[in-house]
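Worksheet: the structure to be examined is printed underneath.
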Amino acid sequence: MRRSLLRGVRRGYALFIPFLAISAAAGVAACQGCKVPETGAVSADADTEVAAVAPTVRLYVLSTVAGALEPCGCTKDQLGGIDHLAALIEGQRDEAPNRLVVGAGPLLFTDPEVKPERSSQDAWKAEAMALAAKEIGLAAWAPGENDWALGADALAKYKQQAGAAALAGNLEGVKGVQGVVVRDVAGVKVGLVGVSDPKGRTGAYPEGVKAGPAIEAMKAGIEEAKKQGARVFVGLAALPRGEALRIADSVPELHVLVLGKPSERGDGNDGQKPPVMIGSTLVVEAPNHLQSVAVVDLFVRGGGDGPLVFADAGGVARAEELISLSARIRELEIRLNGWEGDTRVSAKDVADRKADLEKLRAEKAKLEAAETKVTGSFFRYSLVEVREKLGADKDVAAQLLAYYKRVNAHNKEAFADRVPEPAAKGEASYIGIDACTNCHDEERKVFDGTAHARAYATLQQDFKEYNLDCVSCHVTGYGKPGGSTVTHNASLQNVQCEECHGPGSLHAKDPEKKGLIVLSPPPQSCVTQCHHPPHVEGFDPVAKMQLILGPGHGRD
């Protein structure tokens, strides 16, 4: 995970959608063995306000997590972080004591393939994700292609560490994967049924995996869950969205259908897809990479044994409006974050935009709080963003720290002999900022006052300086001829002059010769190097370049 220059390395994975707000639903999940109250059903005769009682069952929905332990980048308060989600879960324990955490789509790995040089780091990252999933109480997920990145045996091990069921009833003979599991939640049995199509871009499946028809498998899973006494049915589908929606059409017994991608590549982030009703089935897909989680509160009214139908008591009908409001809120947040440290922006403009932001937040909160009175069983759907303000669960945070320390110690030794490729004959190599300072003392003083001068320290303080996901944006000339590597970067730590101006060895030998150095780097070069999605949101390279200029360095 590449880390930030402005706010350090406290968070480490990714999310960005330019000028698009992501409304995200979050929630709290419970470990399967937790004690729960004895009753969860509400009398059918009571015209109870929706928020007056705890839900019979609360579902916390994760979609396409894909190894995203935490966000990465220099945007303030980015969305994501499994330690924040865990804190949210713990904080809502009293509000929703009867709960299940479920997911669909890849959980463990960012990509379906693991490069040999990254095998140890990525394996330990998947283990950290599995252990964190256990902490948040993941009950089950429908795995995607990425989850087989290290093979079926590794997936079985991670599943055991997570304490969760991997559900994909349409996959034939796959080790550790089943079709259905039934959980008793406060006396209400919930059937969780999963299907998956973990097919790669070439059409090939992971080794040993064969997929059958998903709809038939979902129907068979529902029947099996009924035999085990389930009354609430939740489908988990790691399928292309169109195919997954056909399941809702074909299996009307489903109360909730959770969607996730069958495969994921890279650390780019998706926007929020609004929930939809297909017949009486609520279809939910949360944004990827733990930007948010969806929360579905199910209220069972009446004690009969007949089929349950849940009415919408809030959330779905207003979803589009809430997403639009969230987009406007996020755009203002991005603008205000971009103004941070920019003395050219007037205090009045900042105050006015902050006032606008608070009005929009209040409008969104009012809309979210609106309720619809219903009779019979009902559900409420909501979206909660996973933010730093939620805090960090100490146990999950400790697991993440242990992971980073383990990787740091390993990579320091494993890549100790990795030296940069030498520059070709006649080509410039990197010489480091101290050599540049011999002639550019004024510029050095400007550099020392910028966040770029502290980029490497932000890695060191969080045990990430040897992390292959992080280091490239915190040193100069990474992976380039005559530049730096994960372990050989002593003179090139931090984001130095040559990261923007190019390697300077030839320029230092002949300072008067033109064309040996980039005199005026284009602002867009910042974006191509590090300041791009998902590491930063709404980055304005022209405005931000002003923050690294000063006397003798772009300003007279």
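Under this note's numbering, the first residue of the sequence shown carries the number 5, and numbering increases by one thereafter.
The beta-carbon is built from N, C-alpha and C at its ideal position, and this holds for glycine as well.
Predicted, not measured: the structure shown is a model, and the values here were computed from it.
Under the three-state DSSP convention, the category residue i falls into
{"i": "PRO291", "result": "coil"}
{"i": "ALA55", "result": "Because the pLDDT of ALA55 is 44, which lies under 50, any placement of that residue in the model is unreliable, and the question is left without a value."}
{"i": "ALA461", "result": "helix"}
{"i": "SER476", "result": "helix"}
{"i": "ILE282", "result": "strand"}
{"i": "PHE543", "result": "coil"}
{"i": "PHE314", "result": "coil"}
{"i": "GLU372", "result": "helix"}
{"i": "GLY554", "result": "strand"}
{"i": "VAL354", "result": "helix"}
{"i": "ALA136", "result": "helix"}
{"i": "VAL181", "result": "strand"}
{"i": "VAL260", "result": "strand"}
{"i": "ARG224", "result": "According to the sequence as given, residue 224 is Ala; it is not Arg. Helix at ALA224."}
{"i": "ARG410", "result": "helix"}
{"i": "ARG559", "result": "strand"}
{"i": "ALA143", "result": "strand"}
{"i": "LEU520", "result": "coil"}
Extent of the continuous beta strand (DSSP E) to which residue i belongs
{"i": "SER328", "result": "Counting along the chain, SER328 falls outside any beta strand (DSSP E), though it belongs to the alpha helix (DSSP H) covering 323-343."}
{"i": "LYS193", "result": "192-200"}
{"i": "TYR434", "result": "Run containing TYR434: none; DSSP gives neither H nor E here."}
{"i": "SER296", "result": "296-303"}
{"i": "SER529", "result": "Note, SER529: premise wrong, no beta strand (DSSP E); alpha helix (DSSP H) at 528-533."}
{"i": "ALA170", "result": "169-171"}
{"i": "ASP561", "result": "Within the shown structure, residues of the chain are numbered from 5 to 560, placing residue 561 beyond reach of any answer."}
{"i": "GLY483", "result": "Looking at the DSSP string, GLY483 is not in any beta strand (DSSP E), and its letter there is neither H nor E."}
{"i": "ARG62", "result": "61-67"}
{"i": "PHE237", "result": "236-242"}
Rounded straight-line distance, which links the Cα of residue j to that of residue i
{"i": "PHE382", "j": "ASP301", "result": "8 Å"}
{"i": "ASP466", "j": "TYR407", "result": "11 Å"}
{"i": "GLY310", "j": "SER386", "result": "27 Å"}
{"i": "ILE327", "j": "GLN528", "result": "30 Å"}
{"i": "PRO210", "j": "ALA221", "result": "19 Å"}
{"i": "ALA134", "j": "ALA70", "result": "11 Å"}
{"i": "ASN273", "j": "LYS129", "result": "19 Å"}
{"i": "GLU541", "j": "GLY77", "result": "9 Å"}
{"i": "VAL178", "j": "ALA100", "result": "35 Å"}
{"i": "VAL522", "j": "ALA396", "result": "43 Å"}
{"i": "SER8", "j": "LEU405", "result": "Its pLDDT being 37, under 50, SER8 is placed unreliably by the model, and nothing is read from it."}
{"i": "TRP152", "j": "LEU364", "result": "43 Å"}
{"i": "LYS393", "j": "ASP81", "result": "8 Å"}
{"i": "PRO538", "j": "ASP271", "result": "7 Å"}
{"i": "ILE580", "j": "VAL354", "result": "The chain is shown only over 5 to 560; residue 580 falls outside these bounds and no answer can be derived."}
{"i": "ALA127", "j": "THR491", "result": "21 Å"}
{"i": "CYS501", "j": "SER123", "result": "33 Å"}
{"i": "ALA315", "j": "GLY306", "result": "14 Å"}
{"i": "PRO526", "j": "PRO545", "result": "9 Å"}
{"i": "VAL349", "j": "ALA427", "result": "43 Å"}
{"i": "GLY85", "j": "LYS518", "result": "48 Å"}
{"i": "ALA331", "j": "GLN125", "result": "35 Å"}
{"i": "LEU340", "j": "ARG357", "result": "8 Å"}
{"i": "GLN182", "j": "ARG205", "result": "25 Å"}
{"i": "ARG384", "j": "GLU372", "result": "10 Å"}
Boundaries (first-last residue) of the alpha helix (DSSP H) holding residue i
{"i": "SER254", "result": "245-254"}
{"i": "TYR162", "result": "156-166"}
{"i": "TYR470", "result": "Careful: TYR470 lies outside any alpha helix (DSSP H) and carries neither H nor E."}
{"i": "VAL213", "result": "Run containing VAL213: none; DSSP gives neither H nor E here."}
{"i": "LEU387", "result": "From DSSP, LEU387 is part of no alpha helix (DSSP H) but of the beta strand (DSSP E) over 382-389."}
{"i": "PHE451", "result": "445-452"}
Neighbourhood of residue i by C-beta distance below 8 Å, restricted to the same chain and skipping five residues each side
{"i": "THR583", "result": "Residue 583 is absent from the structure shown; the chain starts at 5 and stops at 560."}
{"i": "ASP514", "result": "LEU520"}
{"i": "ASP157", "result": "LYS179"}
{"i": "LYS223", "result": "SER254, VAL255"}
{"i": "ASP452", "result": "none"}
Own chain, CB closer than 6 Å to residue i, minus 5 neighbours either side, in chain order
{"i": "HIS557", "result": "GLU447, VAL450"}
{"i": "PHE543", "result": "HIS535"}
{"i": "GLY107", "result": "LEU66, TRP145"}
{"i": "THR376", "result": "ALA317, GLY318"}
7 Å CB neighbourhood of residue i in its chain, flanking five on each side removed
{"i": "ASP253", "result": "ILE282"}
{"i": "TYR460", "result": "GLU469, HIS478, VAL479, GLN497, ASN498"}
{"i": "VAL185", "result": "ALA144, ALA169, LEU171, LEU196"}
{"i": "PRO244", "result": "PRO266"}
Residue i CB to nearest heavy atom of the ligand FAD below 6 Å
{"i": "ASN150", "result": "As presented, the structure is devoid of all ligands, the ligand FAD included, so that no description of it is given."}
Report the residue ranges of all beta strand (DSSP E) runs contained in full by the stretch 74-127; include only those spanning at least 3 residues, in chain order.
103-108
What are the uninterrupted segments assigned as alpha helix (DSSP H) that are 4 or more residues long and contained completely in the stretch 487-516, given in chain order?
501-505, 509-513
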